[in-house]
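First up is the structure itself, then whatever we jot down about it.
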Amino acid sequence: MEALRQVEDWPVGLAAVGVTDARATAGRHGEATTVLPWASVTKLATTLAGLVAAEEGVLELDEPAGPPGSTVRHLLAHASGLPPEGDTPIAQPGARRIYSNTGFELLAAFVGERAEMPFADYLRQAVIEPLGLAASLEGSPASGISGTLDDLLALGRELLAPALVAPETLAEATAVAFPGLVGVLPGFGRMDPNDWGLGFELRDEKRPHWTGARNSPRTFGHFGQSGSFLWVDPDAGLGCACLSERDFDDWAKEAWPQLSDAVLAEVGGTGAAG
4 MEALRQVEDW PVGLAAVGVT DARATAGRHG EATTVLPWAS VTKLATTLAG
54 LVAAEEGVLE LDEPAGPPGS TVRHLLAHAS GLPPEGDTPI AQPGARRIYS
104 NTGFELLAAF VGERAEMPFA DYLRQAVIEP LGLAASLEGS PASGISGTLD
154 DLLALGRELL APALVAPETL AEATAVAFPG LVGVLPGFGR MDPNDWGLGF
204 ELRDEKRPHW TGARNSPRTF GHFGQSGSFL WVDPDAGLGC ACLSERDFDD
254 WAKEAWPQLS DAVLAEVGGT GAAG
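Heads up, the sequence shown is in this note's numbering, so the first residue is 4 and it goes up one at a time.
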């Protein structure tokens with residue numbers, strides 16, 4: 004895929020990018036088997052484990068978890084009132100969209116407690132092994148996975164055509180949870196609204212954004228401070244992933260949307276651009 008050659012001009016030491024449809028990798032460029040940190044893209048795998056737990060009856064999305072008045076759903080949707088770091092709430096549940104690593108750590112602890120095993124073991128059994136990933140969680144379930152580009156592309160295929168959870172469950176998780184909440188999209192500033200699903204950041208009509216102008220509003224995914232991202236555009240039927248050695252900064256704000264638009268243009272995806 005010619006669009007992926009853009010990575011050669013990025014100001015990074017090492018990067019790997021790839022595109023997949025629901026069945027197989029459509030193209031990749033760079034070191035696809037090199038293990039690199041996912042940073043906050045980890046939240047997508049942690050979310051999927053939480054959704055598996057809900058389907059298995061290990062927990063319920065609307066049962067209490069986290070701060071008083073908060074539920075599992077609030078934790079997944081960054082709507083629990085917890086700050087980015089720390090366990091003292093700074094808002095009432097459901098009042099603001101406050102991106103919280105602590106919320107995901109509490110979610111994972113809750114899953115582990117209910118499943119009666121360490122969360123890392125539950126994640127491995129529920130997500131990593133069924134998808135055949137070489138990735139592993141070391142540290143925070145909000146940011147601690149390291150893995151390969153091929154791992155991310157496999158996760159993208161699962162999110163295009165879910166087998167670990169019912170399509171209805173994924174549809175619920177990729178719809179807006181607690182609509183209308185204002186908040187800050189890390190790296191991009193205040194968004195009104197700052198729409199989020201259950202663990203999945205939603206593109207919707209956000210401007211600026213780390214995906215491209217050609218991405219449909221239904222695009223969902225996550226990016227990480229390590230220079231990583233995974234987006235899935237169900238309208239285009241594609242997922243696009245990146246891992247790199249350079250942390251997210253202004254270079255990524257320019258390079259990632261350009262790559263996304265070039266990928267969608269090459270395969271005929273029109274998305275929001277028409």
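We put the CB at the ideal spot given by N, CA and C, even for glycine.
Open item on the list: Just to confirm my understanding: we take residue 5, look at its own chain, exclude 5 residues before and 5 after, and list those with CB closer than 6 Å. What are they?
Closed with: The residue given as residue 5 occupies position 2 in the sequence shown. So no residue of the chain qualifies.
Open item on the list: Taking the alpha-carbon of residue 142 as reference, which of 136, 134, 41, 94 has the nearest alpha-carbon?
Closed with: Position 139 of the sequence shown, counting from 1, holds the residue named residue 142. Among 136, 134, 41, 94, the Cα nearest to that of residue 142 is on 41.
Task: Straight-line Cα distance separating residue 173 from residue 162 - done: The count along the sequence shown starts at 1 and reaches residue 162 at position 159. The count along the sequence shown starts at 1 and reaches residue 173 at position 170. Rounded to the nearest angstrom, the two C-alpha atoms are 8 Å apart.
TODO: Spatial neighbours of residue 81 within its chain, please: CB distance less than 8 Å, with the 5 preceding and 5 following residues excluded, ordered by chain position.
DONE: Position 78 of the sequence shown, counted from the start, is the residue given in the question as residue 81. Same-chain partners within the cutoff: 100, 101, 102, 103, 106, 186, 199.
Task: Nearest residue (CA-CA) to residue 17, options 239, 124, 39, 117 - done: Position 14 of the sequence shown, counted from the start, is the residue given in the question as residue 17. The shortest C-alpha separation from residue 17 is found at 39.
Open item on the list: Taking 6 Å as the limit between beta carbons, can you name the residues of its chain near residue 191, skipping five residues before and five after?
Closed with: Here residue 191 refers to the residue found at position 188 when the sequence shown is read from its first residue. 211, listed in sequence order.
Task: DSSP beta-bridge partners of residue 100 - done: Counted from its first residue, the sequence shown places residue 100 at position 97. Residue 100 pairs with 186.
Open item on the list: Tell me the rounded alpha-carbon separation between residue 46 and residue 12.
Closed with: In the sequence shown, counting from the first residue as 1, residue 46 sits at position 43. In the sequence shown, counting from the first residue as 1, residue 12 sits at position 9. Cα to Cα, the separation comes out at about 29 Å.
TODO: Let me know the alpha helix (DSSP H) ranges lying completely inside the stretch 35-75, each 4 residues or longer, listed in chain order.
DONE: 45-59
Task: Local conformation of residue 169 per DSSP, three classes - done: What you label residue 169 is simply residue 166 of the sequence shown in a count that begins at 1. In the structure shown, residue 169 sits in coil (DSSP, three-state: anything other than H, G, I, E or B).
Task: Length of the line joining the Cα atoms of residue 196 and residue 214 - done: Taking the first residue of the sequence shown as position 1, residue 196 is located at position 193. Taking the first residue of the sequence shown as position 1, residue 214 is located at position 211. For residue 196 and residue 214, the distance between alpha carbons rounds to 17 Å.
Task: Nearest-angstrom Cα separation, counted from residue 168 out to residue 151 - done: Residue 151 sits at position 148 when you count from the first residue of the sequence shown. Residue 168 sits at position 165 when you count from the first residue of the sequence shown. Approximately 23 Å between the Cα atoms of the pair.
Task: Residue ranges of each beta strand (DSSP E) within the stretch 189-260, 3 or longer - done: 192-194, 223-227, 231-236, 241-247
Task: Environment of residue 124 [buried if 16+ CB atoms lie within 10 Å] - done: Within the sequence shown, the letter at position 121 stands for residue 124. The residue in question, residue 124, is exposed, as its Cβ has fewer than 16 Cβ neighbours within 10 Å.
Open item on the list: Using a Cβ-Cβ cutoff of less than 7 Å, which residues in the same chain neighbour residue 277 once the five nearest sequence positions on both sides are dropped?
Closed with: Within the sequence shown, residue 277 is the residue found at index 274, counting from 1. Only weak support is given to the placement of residue 277: the predicted model assigns it a pLDDT of 31, under 50, and the value that follows is read from those uncertain coordinates. Same-chain partners within the cutoff: there are none.
Task: Sub-8 Å separation of residue 233 and residue 240 beta-carbons - done: The count along the sequence shown starts at 1 and reaches residue 233 at position 230. The count along the sequence shown starts at 1 and reaches residue 240 at position 237. It is not a contact, given that the beta carbons lie outside the stated cut-off.
Open item on the list: Quick check on this structure: which residue in 36, 32, 128, 26 has the alpha carbon closest to the alpha carbon of residue 55?
Closed with: The sequence position of residue 55 within the sequence shown is 52, counting from 1. For residue 55, the nearest C-alpha among the options comes from 128.
- [ ] Check whether the Cβ atoms of residue 92 and residue 70 lie closer than 8 Å to each other.
- [x] On the sequence shown, position 89 is the one that residue 92 refers to. On the sequence shown, position 67 is the one that residue 70 refers to. The answer is yes: Cβ separation under 8 Å.
Open item on the list: If contacts are defined as beta-carbon pairs under 8 Å, then residue 140 and residue 148 qualify, I think. What distance do you get, rounded to the angstrom?
Closed with: Position 137 of the sequence shown, counted from the start, is the residue given in the question as residue 140. Position 145 of the sequence shown, counted from the start, is the residue given in the question as residue 148. Confirmed, about 5 Å.
Task: For residue 149, the residue or residues it bridges with in DSSP - done: Translated into the one-based positions of the sequence shown, residue 149 becomes position 146. Note: residue 149 sits in a beta bridge opposite 40, 139.
Open item on the list: Is it buried or exposed, residue 115, if we count other Cβ atoms within 10 angstroms and call 16 or more buried?
Closed with: For this step, residue 115 is matched to residue 112 along the sequence shown. That one is buried.
TODO: Assuming residue 230 contacts residue 248 (C-beta within less than 8 Å), just tell me the rounded distance between them.
DONE: The residue labelled residue 230 in the question sits at position 227 within the sequence shown. The residue labelled residue 248 in the question sits at position 245 within the sequence shown. Confirmed, about 7 Å.
- [ ] Use the C-beta contact count for residue 90: other C-beta atoms within 10 angstroms, 16 or more gives buried, fewer gives exposed.
- [x] For the purposes of this step, residue 90 is taken as the residue at position 87 of the sequence shown. Exposed, since its Cβ has fewer than 16 Cβ neighbours within 10 Å.
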